[in-house]
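Heads up: the sequence shown begins at 1 in UniProt numbering, then just goes up one per residue.
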Amino acid sequence: MIDTGLAGRVAVVTGSNSPVGIGAAIARALASEGVAIGLAFLPTPPPPAEPSTGSGTEDPADEPGARAYAEATASDGAQVLAEVRAEGVEAEIFVVDLADPRACAGLLGEVERTLGPVDILVNNAALSVPDTFVPQRDPVFYFDGHPVLDAANLDRHYALNTRAPALLMADFHHRLLERGGGWGRIVNLSTDGAPQFPGEVSYGATKYALESLTRSAAQEMAPAGVTVNTIAPGPVQTGWIGPDLAETAAAMSPFGRLGQPDDIADIAVFLASDQARWLSGQTFYAGGGKRTF
């Protein structure tokens, strides 16, 4: 068995409250390697109530799709915390609105005071609200069609998908230098649709900007012993892919299935490990051999 060299490290994983999400899977996987975990997230508002039609044909609550995804991301993180602690490591929840720069400035210090200096930063928290240059009326989840891109929506995506990771990376590097440097890992989560994402223009653009930040940070932080990489997943079943779309996506995959959170978590653990010491500034497309676009 490969020794990842991670035992005794401390990691912060953002966007880690959904029990079926990528962030939670990464937190569990790192914990299984002996890493103490700071679960940093802001639960989303619960989905709007769905009135019963009385027909008995409503979607089951546990069936993947818009409602299941919204309920998962509204989780308080208690289940994930228990699962991480079951691995025998320390773990705490940090409820934080990373769209607020002041919250970004304080997060790593708070984790450090609770769990110890942070060695691994996983930027997984994200916002994805459909928008487009051309009006479309097809419903998307419980959104009423694709709204036309505007400043407010673009700014919302930028704040969480680009600015927050940038600020956290800067603070991570600063704190590491204060400790004398030597070893650090940053893993950013993007999407394989970042180069072009019609229908989710702001999401794709702000994730592509994150990939640029990865490459810049990798060069500038290398002298401190920090590697910085991006994982760009294809479709992953985190609760949002309903049965029809799941069947279509699986049929397009060379492996004949959807990606699962654990598929991404295993890559994240490898990139955090000592074995990945010579990998930095890279974007790893994780779609089972298939790119979305």
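Glycine included, every Cβ here is placed at the ideal spot set by N, Cα and C.
Note that the coordinates shown come from a computational prediction; the quantities given were computed from them, not determined experimentally.
Gly34 and Ile120 have their alpha carbons spaced roughly 13 angstroms apart. The shortest C-alpha to C-alpha distance from Ala74 to any of Gly281, Asp263, Pro261, Gly239 is the one to Gly239. In this structure, Pro233 places its C-beta atom within 7 angstroms of the C-beta atom of Ile264. Distance from the CA of Pro43 to the CA of Glu92, rounded to the nearest whole angstrom, comes to 15 angstroms. Rounded to the nearest angstrom, the Cβ distance from Gly225 to Gly259 is 31 angstroms, too far for a contact under 8 angstroms.
The residues Glu211, Thr230, Ala232, in chain order, have a CB closer than 6 angstroms to that of Thr283 in the same chain once the five nearest residues on each side in sequence are set aside. Contact check between the stretch 203 to 223 and the stretch 183 to 195: three or more CB pairs, one atom from each, fall below 8 angstroms, which counts as touching.
When DSSP reads this structure, Phe284 sits in a beta bridge with Ile231. Here DSSP, grouped into helix, strand and coil, assigns Ile22 to helix. Exclusion of the five residues before and after Ser202 leaves Val129, Asp131, Leu149, Asn153, Leu154, Arg156, His157, Tyr158 as the residues of its chain whose Cβ lies within less than 8 angstroms of its Cβ. Inclusion of Leu213 and Ala166 in the CB contact set at 7 angstroms is warranted, their separation being smaller than that value. Per the Cβ contact rule, the stretch 13 to 30 is in contact with the stretch 73 to 90 (3 or more Cβ pairs under 8 angstroms). Spanning the alpha carbons of Gln275 and Pro135 requires a straight line of approximately 47 angstroms. Residue environment: Arg113 is assigned as exposed (fewer than 16 neighbouring CB atoms within 10 Å of its CB, all protein chains considered). The beta carbon of Leu176 sits closer than 7 angstroms to the beta carbons of Gly184, Ala224, Val226 from its chain, once the five residues preceding and following it are set aside; these are given in chain order. Relative to Gly242, the option among Tyr69, Ala222, Asp3 whose CA is nearest is Tyr69. Excluding its 5 nearest sequence neighbours in each direction, Tyr285 has C-beta neighbours in its own chain below 7 angstroms: Asp192, Ala232, Arg291, listed in chain order. In the structure shown, Thr14 adopts extended strand secondary structure according to DSSP, grouped into three states.
When DSSP states are grouped into helix, strand and coil, Leu39 belongs to the strand group. Looking at Val187, Gly88, Gly77, the one whose alpha-carbon comes closest to that of Val269 is Val187. Contact between Val12 and Val111 is confirmed by a C-beta separation of about 5 angstroms, below the 8 angstroms threshold. Going by C-alpha positions, Asn123 is about 30 angstroms away from Ala251. In this model, Ala125 and Ala29 are separated by some 17 angstroms (Cα to Cα). Taken atom to atom, the span from the alpha-carbon of Thr14 to that of Pro46 is near 19 angstroms.
With a threshold of 16 other beta carbon atoms within 10 Å, Pro48 falls short and is exposed. Under the three-state reduction of DSSP output, Asn123 falls in the strand class. With respect to the C-alpha of Gly5, the residue from Ala31, Asn17, Ala217 having the closest C-alpha is Ala31.
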